[in-house]
Amino acid sequence: MKPYKLKEIAHFLGGTVIGDPEAMVTHPAGIREATPGAITFLANPKYAPELATTKATAAIVGPDITEAPCALIKVDNPDLAFAKIVAHLAGVTPKPELGTHRKAIVSRYATLGKDTRIGAGAIVEAGAVIGDRCTIYPGAYVGYGAVLGDDCTLYPGVVIYHNISLGNRVSVHANAVIGSDGFGYAWDGTKHAKIPQVGTVKIGDDVEIGAGVAIDRARFGETVIGPGTKVDNLVQIAHNVKIGAHALIVAQVGIAGSTELGNGVVVGGQVGFAGHLKIGDRAMFMAQSGVNKSVPAGESWSGTPAMPHKQWLDKERNQKKVSGLRDTVKKLEERIAALEAKLGESEK
Amino acid sequence: MKPYKLKEIAHFLGGTVIGDPEAMVTHPAGIREATPGAITFLANPKYAPELATTKATAAIVGPDITEAPCALIKVDNPDLAFAKIVAHLAGVTPKPELGTHRKAIVSRYATLGKDTRIGAGAIVEAGAVIGDRCTIYPGAYVGYGAVLGDDCTLYPGVVIYHNISLGNRVSVHANAVIGSDGFGYAWDGTKHAKIPQVGTVKIGDDVEIGAGVAIDRARFGETVIGPGTKVDNLVQIAHNVKIGAHALIVAQVGIAGSTELGNGVVVGGQVGFAGHLKIGDRAMFMAQSGVNKSVPAGESWSGTPAMPHKQWLDKERNQKKVSGLRDTVKKLEERIAALEAKLGESEK
Amino acid sequence: MKPYKLKEIAHFLGGTVIGDPEAMVTHPAGIREATPGAITFLANPKYAPELATTKATAAIVGPDITEAPCALIKVDNPDLAFAKIVAHLAGVTPKPELGTHRKAIVSRYATLGKDTRIGAGAIVEAGAVIGDRCTIYPGAYVGYGAVLGDDCTLYPGVVIYHNISLGNRVSVHANAVIGSDGFGYAWDGTKHAKIPQVGTVKIGDDVEIGAGVAIDRARFGETVIGPGTKVDNLVQIAHNVKIGAHALIVAQVGIAGSTELGNGVVVGGQVGFAGHLKIGDRAMFMAQSGVNKSVPAGESWSGTPAMPHKQWLDKERNQKKVSGLRDTVKKLEERIAALEAKLGESEK
Chain A
1 MKPYKLKEIA HFLGGTVIGD PEAMVTHPAG IREATPGAIT FLANPKYAPE LATTKATAAI
61 VGPDITEAPC ALIKVDNPDL AFAKIVAHLA GVTPKPELGT HRKAIVSRYA TLGKDTRIGA
121 GAIVEAGAVI GDRCTIYPGA YVGYGAVLGD DCTLYPGVVI YHNISLGNRV SVHANAVIGS
181 DGFGYAWDGT KHAKIPQVGT VKIGDDVEIG AGVAIDRARF GETVIGPGTK VDNLVQIAHN
241 VKIGAHALIV AQVGIAGSTE LGNGVVVGGQ VGFAGHLKIG DRAMFMAQSG VNKSVPAGES
301 WSGTPAMPHK QWLDKERNQK KVSGLRDTVK KLEERIAALE AKLGESEK
Chain B
349 MKPYKLKEIA HFLGGTVIGD PEAMVTHPAG IREATPGAIT FLANPKYAPE LATTKATAAI
409 VGPDITEAPC ALIKVDNPDL AFAKIVAHLA GVTPKPELGT HRKAIVSRYA TLGKDTRIGA
469 GAIVEAGAVI GDRCTIYPGA YVGYGAVLGD DCTLYPGVVI YHNISLGNRV SVHANAVIGS
529 DGFGYAWDGT KHAKIPQVGT VKIGDDVEIG AGVAIDRARF GETVIGPGTK VDNLVQIAHN
589 VKIGAHALIV AQVGIAGSTE LGNGVVVGGQ VGFAGHLKIG DRAMFMAQSG VNKSVPAGES
649 WSGTPAMPHK QWLDKERNQK KVSGLRDTVK KLEERIAALE AKLGESEK
Chain C
697 MKPYKLKEIA HFLGGTVIGD PEAMVTHPAG IREATPGAIT FLANPKYAPE LATTKATAAI
757 VGPDITEAPC ALIKVDNPDL AFAKIVAHLA GVTPKPELGT HRKAIVSRYA TLGKDTRIGA
817 GAIVEAGAVI GDRCTIYPGA YVGYGAVLGD DCTLYPGVVI YHNISLGNRV SVHANAVIGS
877 DGFGYAWDGT KHAKIPQVGT VKIGDDVEIG AGVAIDRARF GETVIGPGTK VDNLVQIAHN
937 VKIGAHALIV AQVGIAGSTE LGNGVVVGGQ VGFAGHLKIG DRAMFMAQSG VNKSVPAGES
997 WSGTPAMPHK QWLDKERNQK KVSGLRDTVK KLEERIAALE AKLGESEK
């Protein structure tokens, strides 16, 4: 990263400098690890005390911070601003060379767009279509008839099964699998007979898929991941699931067959969804919840089985009070016994 | 798919047509997505209302459905019948060409059966034995001395470690791993010393393994998956686990070391089993359960820690009543106070 | 394995023979599966009754076992002793040949140490450094600028992203991914804008990583796995997580961003940690716990949300007593009603 003046950065971000606008920074860093020459940021108020002791030359902060031992660049959204700086100023991920590596294995019946990069050992089967400026890292696999839009990236070891379609600007991290058979069997009296999975998977524009994710193809029709949705590592998405736009699915979530998640849904890590549910737009789920009911739009649910978050908080609170309740009941029992004894006496 | 007459399909399925037996269908489809020319089916009663509005030309249904806006083919098991139709009539998954691709890397000390298909970039190590009609997709790896029966399929990126054995008709989906070292260490006073994992994994006939699954080799002896068992995506099976025949293990389940599951066991998604348990035949487990006890044959268990399903339902019900109980106790307290006051007065 | 006399094995282990020191054993086996000629062991007292019926020629046991139908070798730690015997006497995992396979793809700008083994189809990118005696199995990928210490092993399908560093004697099992992008986005008003993940991952000496594990690179700085730590299959480790030395992380655990685990922490299977927590040295977590608070050193926590194990046991016990409590309260209600009736009468 070449050195930048704080006033240049503030200009780029539309922010204002407090301190020396001519001070130079050379690299981004975390608030604790920062050394002189670094630019850091403060987004989470939890870390505010660490601003007082940071060694950074400058920090990007929100409107309510006014004092620090370093220069400040004030912006509306420090998190986003810092992301822009890192992307703009820092280095980029290394990629395979432009063109098709001589040890890539690309079918003569595949179609490649302009300025694609296909790494060594990558495989592109017959009928596949790779859009402009796509990057296929070494060892990735694009199956028969699969279609990638423009500007897609497949990291090493990614497997795209036959006839799957990806939109534009889709990134898929290493060893993720898209289009494996859904888990469907019918007992035929002696064994689980396989139900053919002849559908596909459709991934929208601007989707990012994490490492080791598994997304099954539909029984028929499509498994769908909507545009702008982000899926973290090791998530399981079963056949015929449909996820809307701009959802966030954190690591190790599992979504069973035919369940539909709306737009903007946010799902914490390790949550499980039963099959055939409908989850409304912008619903949110606490990590590790087990969801076995459909959920209306905009609600926050928690727990296993999941319930509205407030109800879950009540339940948790009540459980904590059970031991107090047992003490209360014991005391009431003694008071009743005393009353009974007295009344017995007074009757004598 | 070439067009078929309904009477041809009914004949193939052993079913009966209600409606025009000469009507033609050209493709399978879901009940909601179906368009004219499609054949659909109704297995789950939940979807019965949708039959009234389907656009399909025909639907495969069970014995109790008698009316619909489309033609009907009545059979005993519509789910299974539809699976047969899809498999029989629809296209099949594309495969590598017959023979060994010139960019596959097959040891001269490996043994290949008749009519095998070994894709580009696939690796078969010395001592491996590949049965007749096996399909090894590009990028799959068969380790030293591993043995595959006849008609097996390894999808791209599958890793079969050394000396693992697979039965006949075993399918393993992309990026699954069979035969990695079990997780075993002994503290030697200064560090976790590795316990060598010198056993193997034995996969029975007709097993299907999902994408991204990890099955560890035994410490010694065998980790076993019984014939006809189906394992969904991202399941973890530890060393020395033994699973019986015809079990269903849904996605993201984890089974700790040396636990044994009987025949026909059904395990919901994200369930965890502690080590060294014995789970009887046909036992069933609700999704996300945490099983830390052995379970007798035929029982249904739920919850964390898991308990018999009825007991779990009681527990859940009781928890919901705790807040009512607190109200009740509060009222009792008031009535006792009133009684005490009265009795105090009457004694005066 | 060549035959050994029991006195040779006892000498190697520093143990003493009870029985015929000249008896020969040829292979290790489990206590139940053992046949004549086998040497077995007893570490878990749970299996003590099986010693009485084992067919093994000899068993390695602890100080308190004195009688068995087979010869005994008494040692302090039978588990560790047996591990040593298996490692010393049994065969080893087959490896690629010394040198670089002619179908490996190693950049001319990569640096290889002495006596490395690089298998067919393995890929080593420009700027990567591979230490002495490393083994890279077929199909593994080492990204641009990644650094491996000495004596590391990457099994097939492992993906090491750019600029990641591994210490000495690190083993990574098949299809694990180290260095994928952390899951970080900032809402920019219309979409989740990607926060660049420009940090790295640093893996200490003697770490073992299981199959299918995903470890994300830091947003900036480092995601750290300390020396001697062992990570089981399908674990998710998010960006900027720091794990200390000699920790044990069992399968399918998920650790959210920036959480720090101390030295010697032990985490049961399927546990989830929220982000930004600090977990003290030697803390332990029961399987499936959901940890949303920082935990002091040395404590055992359980449940979701996790709490100290004793508190969790109380909670579980109280929950079981709720149904008894409801019966008690019902009876108290009757007694109060009786008292009220009596007092009413006595007032008349």
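Chains as they are written, first to last, in this note's numbering: chain A, 1 to 348; chain B, 349 to 696; chain C, 697 to 1044. Ideal placement from N, C-alpha and C gives every residue a C-beta, glycine not left out.
{"Asked": "Roughly how many angstroms lie between the CA atoms of LEU1021 (chain C) and ASP662 (chain B), to the nearest whole one?", "Found": "14 angstroms"}
{"Asked": "Hey, would you say ALA104 (chain A) sits closer than 9 angstroms to ALA126 (chain A), going by beta carbons?", "Found": "no"}
{"Asked": "Using a Cβ-Cβ distance cut-off of 9 angstroms, determine whether ILE203 (chain A) contacts chain B.", "Found": "no"}
{"Asked": "Counting only runs of 3+ residues fully inside the stretch 601-669 of chain B, write out the beta strand (DSSP E) ranges in chain order.", "Found": "648-650"}
{"Asked": "Determine whether the beta carbon atoms of VAL434 (chain B) and PHE220 (chain A) lie at a separation below 9 angstroms.", "Found": "yes"}
{"Asked": "So if I threshold CB-CB distances at 8 angstroms, which residues from the stretch 829-849 of chain C count as touching chain A?", "Found": "GLY835, TYR837, GLY839, TYR840, GLY841"}
{"Asked": "Would you say ALA806 (chain C) touches the ligand SAM, meaning its beta carbon is less than 8 angstroms from a heavy atom?", "Found": "The ligand SAM is not among the ligands present in this structure, which contains no ligands whatsoever."}
{"Asked": "Along the chain, which unbroken stretches of the alpha helix (DSSP H) at least 4 residues long are found entirely within the stretch 750-835 of chain C?", "Found": "774-785"}
{"Asked": "For the beta strand (DSSP E) holding ILE706 (chain B), just list the boundary residues, first then last.", "Found": "This structure does not reach residue 706 (chain B), given that chain B is present from 349 up to 696, and the question cannot be answered."}
{"Asked": "Report the three-state DSSP secondary structure of VAL231 (chain A) (helix, strand or coil).", "Found": "strand"}
{"Asked": "Just checking my contact of SER165 (chain A) with ILE203 (chain A) at CB under 8 angstroms: how many whole Å lie between their CB atoms?", "Found": "7 angstroms"}
{"Asked": "So the alpha helix (DSSP H) PHE389 (chain B) belongs to, where does it begin and stop?", "Found": "That residue, PHE389 (chain B), is in no alpha helix (DSSP H); its beta strand (DSSP E) goes 386-389."}
{"Asked": "Name, please, each residue of chain B whose Cβ falls closer than 7 angstroms to the Cβ of THR789 (chain C).", "Found": "HIS510"}
{"Asked": "Within the continuous alpha helix (DSSP H) that includes LYS898 (chain C), where are the two ends?", "Found": "Here LYS898 (chain C) belongs to no alpha helix (DSSP H); instead the beta strand (DSSP E) covers 896-899."}
{"Asked": "Might you give, ordered along the chain, the residues of its own chain that have their beta carbon closer than 7 angstroms to the beta carbon of VAL643 (chain B), omitting 5 neighbours on each side?", "Found": "ILE627, GLY628, ALA631, TRP649"}
{"Asked": "Tell me which same chain residues have a C-beta within less than 6 angstroms of the C-beta of LYS590 (chain B), skipping the five on either side of it?", "Found": "VAL572, GLU608"}
{"Asked": "Do VAL291 (chain A) and GLN270 (chain A) count as a contact pair if the criterion is CB distance below 9 angstroms?", "Found": "no"}
{"Asked": "Take VAL124 (chain A) as the anchor and find which of A:ARG169, A:THR304, A:VAL142 has the nearest alpha-carbon.", "Found": "A:VAL142"}
{"Asked": "Which residue from C:ARG804, C:LEU709, C:HIS797 puts its Cα closest to that of LEU769 (chain C)?", "Found": "Looking at the sequence provided, one finds Ile at residue 769 (chain C) rather than Leu. Selected option, being the one with the closest Cα: C:LEU709."}
{"Asked": "Can a CB atom of chain C be found closer than 9 angstroms to the CB of LYS432 (chain B)?", "Found": "no"}
{"Asked": "DSSP state of HIS935 (chain C), grouped into three classes?", "Found": "coil"}
{"Asked": "What would DSSP say about THR26 (chain A), mapped onto helix, strand or coil?", "Found": "coil"}
{"Asked": "Rounded to the nearest angstrom, what separates ASP178 (chain A) and VAL201 (chain A) at their Cα positions?", "Found": "Just to set this straight, residue 178 (chain A) is Ile in the shown sequence, not Asp. Near 7 angstroms, if we compare the C-alpha coordinates of VAL201 (chain A) and ILE178 (chain A)."}
{"Asked": "Give me the Cα-Cα distance between VAL962 (chain C) and ASN1014 (chain C), rounded to the nearest whole angstrom.", "Found": "27 angstroms"}
{"Asked": "Who are the neighbours of ASN168 (chain A) on chain C, taking C-beta pairs under 9 angstroms?", "Found": "Near ASN168 (chain A) there are no residues of chain C at all, since even the closest Cβ is about 13 angstroms away, more than 9 angstroms."}
{"Asked": "Measuring straight from C-alpha to C-alpha, what distance separates TYR137 (chain A) and GLY493 (chain B)?", "Found": "30 angstroms"}
{"Asked": "Going by the beta-carbon positions, is the gap between PRO487 (chain B) and ALA470 (chain B) smaller than 9 angstroms?", "Found": "According to the sequence displayed, residue 487 (chain B) carries Gly and not Pro. Cβ distance < 9 angstroms, so GLY487 (chain B) and ALA470 (chain B) count as in contact."}
{"Asked": "Of all Cβ atoms in chain C, is any one closer than 9 angstroms to the Cβ of HIS521 (chain B)?", "Found": "no"}
{"Asked": "Taking the alpha-carbon positions, what's the THR7 (chain A) to ALA245 (chain A) distance?", "Found": "One detail in the question is off: residue 7 (chain A) reads as Lys in this sequence, not Thr. Computed Cα separation, rounded: 37 angstroms."}
{"Asked": "Starting from the Cα of LEU582 (chain B), find the closest Cα among A:ASN77, A:THR190, A:PHE183, A:HIS101 and give me that residue.", "Found": "A:PHE183"}
{"Asked": "Using CA coordinates, which residue listed in C:GLN932, C:MET982, C:SER985, C:PRO741 is at the minimum distance from ALA952 (chain C)?", "Found": "C:GLN932"}
{"Asked": "Could you please give me the residues that DSSP links to TYR881 (chain C) through a beta bridge?", "Found": "C:LYS890"}
{"Asked": "Between ASP1052 (chain C) and the rest of its own chain, which residues show a CB-CB distance below 6 angstroms, the 5 nearest in sequence each way excluded?", "Found": "Residue coverage of chain C in this structure runs from 697 to 1044, which leaves residue 1052 (chain C) outside it and unanswerable."}
{"Asked": "Between ASP716 (chain C) and the rest of its own chain, which residues show a CB-CB distance below 8 angstroms, the 5 nearest in sequence each way excluded?", "Found": "LEU702, ALA767"}
{"Asked": "Could you run through the stretch 316-328 of chain A and flag, in chain order, every residue whose CB is less than 9 angstroms away from some CB of chain C?", "Found": "GLU316, GLN319, LYS320, VAL322, SER323, LEU325, ARG326"}
{"Asked": "Since LEU596 (chain B) and HIS162 (chain A) should fall inside the 8 angstroms C-beta cutoff, what is the C-beta to C-beta distance between them, to a whole number of angstroms?", "Found": "Wrong, their Cβ atoms sit about 26 angstroms apart, outside the cutoff."}
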